[in-house]
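Notes to accompany the following structure.
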Amino acid sequence: MESAKKDVRGSSERAARNDEFYRIGQVLATPLDLGMRLDRVLEQAIDLLQADRGSIMLLDEDLEELVVRASRGLQAWREFRVPLGEGIAGWVAEHGEPLILHDAVSDERFRGVNPNIKSALAVPLRVEGKVIGVLNVSTTLEEKRYDYLDMEHLISFADMAAAAIENARLYDALKREQDHLKRELLMASRVQRSIISTHVPCASIRMVSRLMPASEVGGDFFSVITLSRDSRFCFYCSSEVQDRCQNLRSEYCPDKFGVMIGDVANKGMPAALIMSVLTTLLYELGRHHISPRTILNQANTAFRRFFSESQYGFATLFYAFYDNTDNTFTYSKAGHEPPLLLRSGGSVEFLEGEGFPVGLMEDGEYQEKTVRLERGDRVLLYTDGLTGALNSKGEVLGRKRLVELVRTHVREDIESFLDTLADEIMLFTGDAPQPDDVAVMVLELEDLFDLTMTVGTDVRQIRYVINSVLETLRGFEGLKDPVTLRLCLEELLHNAMEHGNRCDLSKKVYITVKAEPRKVVIRVRDEGEGFDVNSVMATENDPTILSERGRGLTIVKHYASELRFNREGNEAVLVFTAD
Amino acid sequence: MEITVNKVGDMGEITVIGVSGVVDSETVDRFGEAINKVFDEGCYNVILDIEGLTYINTAGLSIIADSFKRATQNKGALKILRAGEPIRELLDVVRFTKIIDIFEDEGVAIESFK
Chain W
25 MESAKKDVRG
35 SSERAARNDE
45 FYRIGQVLAT
55 PLDLGMRLDR
65 VLEQAIDLLQ
75 ADRGSIMLLD
85 EDLEELVVRA
95 SRGLQAWREF
105 RVPLGEGIAG
115 WVAEHGEPLI
125 LHDAVSDERF
135 RGVNPNIKSA
145 LAVPLRVEGK
155 VIGVLNVSTT
165 LEEKRYDYLD
175 MEHLISFADM
185 AAAAIENARL
195 YDALKREQDH
205 LKRELLMASR
215 VQRSIISTHV
225 PCASIRMVSR
235 LMPASEVGGD
245 FFSVITLSRD
255 SRFCFYCSSE
265 VQDRCQNLRS
275 EYCPDKFGVM
285 IGDVANKGMP
295 AALIMSVLTT
305 LLYELGRHHI
315 SPRTILNQAN
325 TAFRRFFSES
335 QYGFATLFYA
345 FYDNTDNTFT
355 YSKAGHEPPL
365 LLRSGGSVEF
375 LEGEGFPVGL
385 MEDGEYQEKT
395 VRLERGDRVL
405 LYTDGLTGAL
415 NSKGEVLGRK
425 RLVELVRTHV
435 REDIESFLDT
445 LADEIMLFTG
455 DAPQPDDVAV
465 MVLELEDLFD
475 LTMTVGTDVR
485 QIRYVINSVL
495 ETLRGFEGLK
505 DPVTLRLCLE
515 ELLHNAMEHG
525 NRCDLSKKVY
535 ITVKAEPRKV
545 VIRVRDEGEG
555 FDVNSVMATE
565 NDPTILSERG
575 RGLTIVKHYA
585 SELRFNREGN
595 EAVLVFTAD
Chain A
23 MEITVNKVGD
33 MGEITVIGVS
43 GVVDSETVDR
53 FGEAINKVFD
63 EGCYNVILDI
73 EGLTYINTAG
83 LSIIADSFKR
93 ATQNKGALKI
103 LRAGEPIREL
113 LDVVRFTKII
123 DIFEDEGVAI
133 ESFK
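Chains as they are written, first to last, in the working numbering: chain W, 25 to 603; chain A, 23 to 136.
Structure, rendered in structure tokens:
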């Protein structure tokens, strides 16, 4: 009889145990979100004990308080806090022992407890012997009285539940930490980008650049530094178009500026920190020294002084002065990838030069070389992330492929040249993860324009612009009739003012005209935010003839030999060729 | 831009609007106003004589399109007379020639309203 009874009890215990496992499974099936986990634990505990209310309180160790983090049927308990040692839960948490309560109301320790509660259980939530909180359940049913068996069930459930809660809690803390770190990185990335200056202080040089760090911040950098502000006008400006320097891009006209690109031998945050020190150094050195070689020597010494104790060793650098009084490009190289000089005639050469990376040797053995740029020449500066780009087979892009790509696309406008180059690199790498930061910068000594104009956003200026352009191109054989050009130009000017600058009177529209013997290139640039070029260019004729939509572009596409936009969509390039 | 307005037809029920010179951003509003005035006076049979028109911008083309619509909606018609080669090409590009009748001879154009 006795043993039979044991069996019954044994099997019901097994069933209860299975039940607890099932319930903990339900808890673990919730996402690793603390709030959701607590709700699910409580829900399962209430169900397990057929209770009608309950709560979970977690211990705030710093304040030595229990805080209600989940509750059922106890709406008023939200945000409720109990000092350790006070009340039922406070007692359980302090002693790490469970409690069964009948007639809780009459117990002196538990003042303030809901008088309807007939029976209650409070068990500690423990992780590795340490109390992290208290699980409370209670019932208002008259006939319900919790016993030791109930308590044992709740304790074994609570032990498993505590682990699940702790996991979520750790995850929660980790996530918060991570979000914080992410925000900091984002800020750091912004700060880093703001260090980089790409404003070219000379109207005869165009520059485009791209910085693609492998992580939020990186060690690659480039910058343009104004070196001197000479009141003399440069070679370019002295040729009748002085207003261009003054109106188009800058208020002053320096005769010399510095260009630098570099790569700190490290990635992420340490590299970014070194990069910011190095950039500051180079800015300052640029203002006080007259040659790139001296600057590299000084940078080398300073770098060794600052970072000799650290493991973060060295940086490669390319530093050049561009002098626009005679178009000379004087450079010094510190172990950096040699930039490419793309001559307007089509030849490609590497700007080689000896010299160790900055910070590596006491004497960097830097050399200095000078090349003279001709109109239409380009210089492609880059970091080794470009030539070191990996494809899925593990092959690097290499200098040979780079030269091929450059040759193929060098005829394109400088902006689309860089865009296409970036696209080609992405095509090469595919999905292969890129290990290194990439910085690319293209400079072009621009051809002289036959006409440059800057006008305000005012449709009354359109006729003036068109007449000036027609005057410039009088007798040009690439235009069948002036109507054609007039239509296209009027359309683009309208677009620039209305859609680009959105009729903002403070914004300007820039027009340049370049006429070659059998080709005319007209650029219209506005100061708007641009538009989605692809979607506009793909616009087919509206099926309804009388609708205004797309009519202007249809006309331009029909008459011009070529119409293209820069990627930002704020510059239209109109080409007419004599056929 | 010069604009002339003449009533023709047996009972003067057709209006010939002659436009010459340049319709561009500075003159386009006057061009639109001239056509609308004819409509507002109740005449929806309009011949646009563009023999002397040397240039018209897209806004001007939109006015032609809107006027064609307005004339047709009021049981009238808008027709074009004597389009020079460059303008004719432009009307082709924007496909107006598919829906708007173009005549070389004024008599034939007037006749077409009967």
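A virtual CB, placed ideally from N, CA and C, is assigned to each residue, including glycine.
Please read these numbers as outputs of a predicted model, since none were measured by experiment.
Among the residues facing chain A, E515(W) is included, as its CB has a counterpart in that chain under 8 Å away. For the pair L516(W) and V434(W), the CB atoms are not nearer than the 8 Å cut-off. No Cβ of chain A is located within less than 8 Å of the beta carbon of I546(W). For G593(W), the secondary structure class from DSSP, reduced to helix, strand or coil, is coil. Taking the Cα positions, R329(W) is about 14 Å away from G388(W). Counting along the chain, no alpha helix (DSSP H) covers N28(A); the unbroken beta strand (DSSP E) around it starts and ends at E24 to V30. Annotation: the continuous beta strand (DSSP E) that includes T76(A) extends over L75 to I78.
Counting C-beta pairs with one atom in each stretch, the region 507 to 514 of chain W and the region 447 to 460 of chain W have fewer than three that are closer than 8 Å, which means they do not touch. Using a Cβ-Cβ cut-off of 8 Å, L100(A) does not count as an interface residue toward chain W, since no Cβ of chain W sits closer than that to its own.
When only Cα atoms are considered, T352(W) and T80(A) end up about 47 Å apart. Taking the C-beta atoms as reference points, V464(W) is found nearer than 8 Å to L442(W). Between A185(W) and the set R150(W), Q202(W), L194(W) and D174(W), the nearest pair of CA atoms involves R150(W).
Contact annotation: in the region 28 to 56 of chain A, residues whose CB is within less than 7 Å of a CB in chain W are D46, S47 and E48.
Shown here, G409(W) sits in a helix according to DSSP, grouped into three states.
Under the Cβ criterion of 8 Å, Y77(A) is counted among the residues facing chain W. The Cβ neighbour count for T163(W), taken over all protein chains shown within 10 Å, is at least 16; the residue is labelled buried. Chain order gives no chain W residues near I25(A), where near means a beta carbon separation below 7 Å; the closest approach is about 19 Å. For R575(W), the neighbours in chain A by C-beta distance under 8 Å run, in chain order, T80, L83, S84 and V116.
In this structure, Q485(W) is the residue among Q485(W), D550(W), Y583(W) and P107(W) with its C-alpha nearest to the C-alpha of E48(A). Taking a C-beta distance under 8 Å as the contact criterion, V45(A) and T37(A) do not qualify as a contact pair. DSSP places N67(A) inside the beta strand (DSSP E), whose first and last residues are N67 to D71.
Residues of the same chain with a CB within less than 7 Å of the CB of V382(W), apart from the 5 flanking positions on each side, are L320, A323, N324, F327, F338, A339, L341, A358 and G388 in chain order. Straight across, the Cα-Cα distance linking S239(W) with S300(W) is about 16 Å.
For the alpha helix (DSSP H) assignment, the uninterrupted runs of no fewer than 4 residues enclosed by the region 387 to 458 of chain W are, from N- to C-terminal side, 408 to 411, 422 to 433 and 438 to 453. A direct Cα-Cα distance of roughly 16 Å separates A187(W) from R93(W). Distances from the CA of M477(W) to each of E468(W), L467(W) and V489(W) were compared; the closest alpha carbon is that of V489(W). Runs of the alpha helix (DSSP H) spanning 4 or more residues and lying entirely within the region 290 to 360 of chain W occur at 292 to 312 and 316 to 331, in chain order. The distance from the Cβ of L58(W) to that of R96(W) is about 17 Å, inconsistent with a contact at the 8 Å cut-off.
Here DSSP, grouped into helix, strand and coil, assigns K136(A) to coil. Residue pairing by DSSP places I546(W) opposite V537(W) and L598(W) in a beta bridge. Rounded to the nearest whole angstrom, the CA to CA distance from A413(W) to R591(W) is 23 Å.
Between the region 101 to 114 of chain A and the region 540 to 556 of chain W there are fewer than three inter-stretch CB-CB distances shorter than 8 Å, so the stretches are not counted as touching.
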